[in-house]
Amino acid sequence: MKRVVDFLFETNILKELPRSGYTFLGTGRESVAEHIFMTTMICFVISRMEPEVDREKLITMALVHDLPEARTGDLNYVQKQYVRPLEDKAMADMSKGLDFGDELKSLLDEFNESSSKEARLARDADQLSFMMELKKQHDIGALSPEKWLPFIENRLQTDTGRKIAGSIMASSWDDWWFANYSEPLPAGKNT
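All the letters of the sequence shown, read from the start, carry residue numbers -13 to 177 under the working numbering.
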C-alpha cells in the first residue's frame, strides 16, 4: 500500500506544476492537473459520442497522458527543440512496484504512438482542452490566441475532434452562462 500512496502523492504534484506554454502565449495559466482534468472530461464526452470505442481505455488514457510530467516537468514546443524529456524512463520509474504499472506504461505508449482510435481521440481531447483555454483567452480580449488557434486545429486527427473544435470556435466561452441564466437582470444592471 505504501507504494500506491507514494504514487498518489507524486501525481498530486501535477496540481502545482504549471503548463509552460502560457509563458509564451503571454496570457492565462493552468496547472498540468487542471489540463488533465479537462482532457479527461472531453474524453468522457467523446466516449458517449463514439459508442463503439473502449470507453474505459479512452478516459483512462486521458487521465495518464501527462503523468510523466510529475518527473520531467511540462516542456512546451520551443523547449522540446533543446531538451528531450526521458518520458519512458520517468514512466518506468514512476510505475515501478505498482500492480497496475504495466497498464499505465502501455496506455501512455499507445497514446504517444496514436496506435488506436482511442489514442487518436485522446490526443484530440488533449488539443481541444488547450483550444478551449485559448478560446477563452481570446474571448476576454487577449490577442495572441488568434495566432495559436490554427496550429491547434491542424493537430486534430479525428472527425469528432474537428466537429468539437468547430463548435468551440463558433461559441463564446461564457455562452453557457447566459443561455441558462433564468432570472431577469434588475433594471440598470448590465451583469
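From the three backbone atoms N, C-alpha and C, an ideal C-beta is built for every residue, glycine too. All values derive from a computational prediction rather than experimental measurement.
Output needed for residue i: all residues of its chain with C-beta closer than 6 angstroms, excluding positions within five of it in sequence on either side, in chain order.
i      : result
Arg141 : Gln113
Leu135 : Leu120
Asp40  : Glu104
Ser6   : Asp60, Asn62
Ala48  : Thr25, Thr26, Cys29, Ala108, Ala111
Ala19  : Leu0, Lys1
Hey, how far is the Cα of residue i from the Cα of residue j?
i       : j       : result
Ser180  : Tyr167  : Residue 180 cannot be examined here, being either before or after the span of the chain that is shown, -13 to 177.
Ser130  : Asp74   : 33 angstroms
Ile22   : Leu0    : 9 angstroms
Asp60   : Val69   : 11 angstroms
Val31   : Ser81   : 28 angstroms
Phe97   : Ile154  : 23 angstroms
Glu89   : Pro71   : 21 angstroms
Glu(-4) : Gly87   : 14 angstroms
Met118  : Asn(-2) : 24 angstroms
Asp79   : Thr46   : 19 angstroms
Ser92   : Arg106  : 15 angstroms
Val50   : Asp161  : 30 angstroms
His124  : Arg57   : 31 angstroms
Trp163  : Pro37   : 29 angstroms
Ile126  : Arg148  : 23 angstroms
Asp(-8) : Glu99   : 28 angstroms
Lys66   : Ala165  : 41 angstroms
In the DSSP output, what is residue i paired with across the bridge?
i    : result
Pro4 : Ser17
For residue i, which residues from the same chain have a beta carbon less than 8 angstroms from its beta carbon, with the 5 sequence-adjacent residues on both sides left out?
i        : result
Phe10    : Asn62, Val64
Val(-10) : Leu84
Ala156   : none
Glu179   : In the structure displayed, the chain extends from -13 to 177; residue 179 sits before or after that span and is not available.
Confirm, please, whether the CB-CB distance from residue j to residue i is below 8 angstroms.
i      : j      : result
Lys122 : Trp159 : yes
Leu53  : Met77  : yes
Cys29  : Ala151 : no
Thr146 : Met35  : yes
Leu3   : Glu55  : yes
Spatial neighbours of residue i within its chain, please: CB distance less than 7 angstroms, with the 5 preceding and 5 following residues excluded, ordered by chain position.
i      : result
Ala128 : Thr13
Phe139 : The sequence shown places Glu at residue 139, rather than the Phe named in the question. So the qualifying residues of the chain are Ala151.
Ser33  : Val39, Arg41, Leu44, Ile45
Phe116 : Ile138
If residue i and residue j are in contact, beta carbons under 8 angstroms, what's the gap, nearest whole angstrom?
i      : j      : result
Ser110 : Gln143 : The sequence shown places Asp at residue 110, rather than the Ser named in the question. Right, their Cβ atoms sit about 6 angstroms apart.
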